[in-house]
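In the numbering used here, the protein residues as written are 73 to 378. Beta carbons: idealized from backbone N, C-alpha and C, even for Gly. Source: prediction; values computed, not measured. In what follows, a single structure is set out as structure tokens and then discussed.
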Ligand code: HMG
Ligand code: MG
């Protein structure tokens with residue numbers, strides 16, 4: 073029996089800290105801090121940073137600075153700066169802010185769809201049609217994010233068929249990339265592989281990404297398991313920032329530093345400088361006034377301090 077499943081030689085890490093990470097912070101983080109965070113991440117070498125979210129400020133007040141953030145960041149040529157756009161109002165704002173990629177975000181769970189974006193799954197897809205068409209007309213990349221693909225805080229189990237169905241709908245909208253998201257971090261490795269393999273029946277593996285929150289400490293194992301079945305794009309947050317305002321108890325995304333440390337150990341290229349990400353993690357943790365949630369980040373910082 074071959075115990076060594078083949079892993080990708082290179083993966084794309086999408087840094088989502090400035091959006092998914094910070095959106096959950098209760099205290100308003102000023103735009104200049106977010107801008108410095110994004111600039112530090114750009115400097116660390118990410119090819120794709122989720123920098124903003126053009127949603128209702130009543131729903132997610134922390135993201136109300138998105139216009140300023142997008143206007144203030146120092147962009148590096150070739151880097152994709154993404155923004156969440158739940159509807160045409162969000163799309164118009166993202167377009168005006170020169171986002172490179174817009175993200176429509178739906179759910180595999182009916183209950184979560186209602187709580188997060190105030191409509192059913194089918195209604196959300198209808199709402200996304202206009203956004204998807206406008207994105208294509210303007211030559212922007214389009215990403216589809218599917219929440220609760222592994223479990224839902226409101227309805228519990230989410231059937232594989234429901235995930236497959238939404239992946240197919242996102243594909244038909246013309247998404248360039250589709251995120252399979254573990255919003256509440258409940259997945260375990262075999263379940264992860266089952267969901268990913270099912271998603272791959274609907275969409276090319278090279279365009280699928282794993283978006284794992286680390287609530288139950290399973291995210292790195294799930295990333296490894298995803299790579300074993302051919303997934304090579306992952307989302308993470310510097311310093312493990314985050315949570316979800318509509319998923320109580322969910323902690324942040326898997327920490328970027330932890331993912332980079334694992335990739336380095338596996339000899340998988342990311343193009344990202346781990347030391348600079350640790351610096352960015354220290355910067356934002358200091359601002360937030362708490363210790364960062366990245367194990368690797370804290371270990372590297374402690375070692376530096378001698
Ligand atoms: P609604 O109340 O049904 O929408 O919300 P509406 O069309 O009736 O509009 C209500 C008000 O919101 C109006 O203002 C609109 O102008 C305004 P009013 O007239 O009352 O003053 N509005 C907007 N303002 C700014 N930008 C907009 C926008 N749209 C409407 N784009 C809506 C529907 C989708 C807008 C709302 O539910 C919403 O904003 N939800 C956002 C939820 C959210 O951001 N969740 C977190 C991100 S998803 C996530 O984190 C998961 C992910 O990480 C993957 C994972 O882990 O699962 C991606
Ligand atoms: Mg998330």
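Report yes if the C-beta of residue i is less than 7 Å from at least one heavy atom of the ligand HMG; otherwise report no.
i: residue 189; result: yes
i: residue 106; result: no
i: residue 294; result: no
i: residue 225; result: no
i: residue 92; result: yes
i: residue 177; result: yes
i: residue 253; result: yes
i: residue 409; result: Only positions 73 to 378 of the chain appear in this structure, which leaves residue 409 out of reach.
i: residue 298; result: no
i: residue 306; result: no
i: residue 95; result: yes
i: residue 128; result: yes
i: residue 265; result: no
i: residue 217; result: yes
i: residue 141; result: no
i: residue 350; result: no
i: residue 132; result: yes
i: residue 125; result: yes
For residue i, verify whether its CB is less than 7 Å away from any heavy atom of the ligand MG.
i: residue 325; result: yes
i: residue 165; result: no
i: residue 157; result: no
Determine the extent of the beta strand (DSSP E) in which residue i is found, giving its start and end residues.
i: residue 101; result: Here residue 101 belongs to no beta strand (DSSP E), and DSSP marks it neither H nor E.
i: residue 230; result: Unbroken run through residue 230: none, as it is neither H nor E.
i: residue 254; result: 249-254
i: residue 263; result: First-last for residue 263: 261-272, but that is the alpha helix (DSSP H), not the beta strand (DSSP E).
i: residue 88; result: Counting along the chain, residue 88 falls outside any beta strand (DSSP E), and DSSP gives it neither H nor E.
i: residue 218; result: 213-219
i: residue 257; result: That residue, residue 257, is in no beta strand (DSSP E); it is neither H nor E in DSSP.
i: residue 222; result: No beta strand (DSSP E) contains residue 222, which DSSP labels as neither H nor E.
i: residue 281; result: 280-284
Keeping to the same chain, check which residues put their C-beta closer than 7 Å to that of residue i; ignore five residues upstream and five downstream.
i: residue 344; result: 85, 116, 117, 118 and 332
i: residue 241; result: 197
i: residue 369; result: 311, 327, 329, 350 and 353
i: residue 80; result: 299, 304 and 340
i: residue 357; result: 311, 363 and 364
i: residue 290; result: 257, 259 and 260
Locate the alpha helix (DSSP H) running through residue i, then write down its first and last residues.
i: residue 367; result: 367-377
i: residue 349; result: 346-360
i: residue 308; result: Run containing residue 308: none in the alpha helix (DSSP H); it sits in the beta strand (DSSP E), 305-308.
i: residue 292; result: 291-300
Who are the near neighbours of residue i in its chain, counting only those whose CB is closer than 6 Å to its CB and skipping five residues on each side?
i: residue 77; result: 300
i: residue 180; result: 218, 220, 221, 230, 234, 235 and 238
i: residue 335; result: 342
i: residue 251; result: 217, 281 and 283
i: residue 159; result: 199
Could you pull out every residue in the same chain whose Cβ sits closer than 8 Å to the Cβ of residue i, ignoring the five residues on either side in sequence?
i: residue 90; result: 106, 109, 110, 113, 121, 122, 123, 124 and 141
i: residue 129; result: 135 and 136
i: residue 265; result: 297, 298, 300 and 301
Got a sec: does the ligand FAD put a non-hydrogen atom nearer than 7 Å to the Cβ of residue i?
i: residue 98; result: Of the ligands this structure carries, namely the ligand HMG and the ligand MG, none is the ligand FAD.
Exercise for the section: Tell me the start and end of each unbroken alpha helix (DSSP H) in the stretch 122-194 that is at least 4 residues and wholly inside, in chain order. Expected result: 138-144, 160-168 and 182-189
Problem - Sequence ranges, alpha helix (DSSP H) only - wholly within the stretch 311-338, length at least 4 - result: 328-338
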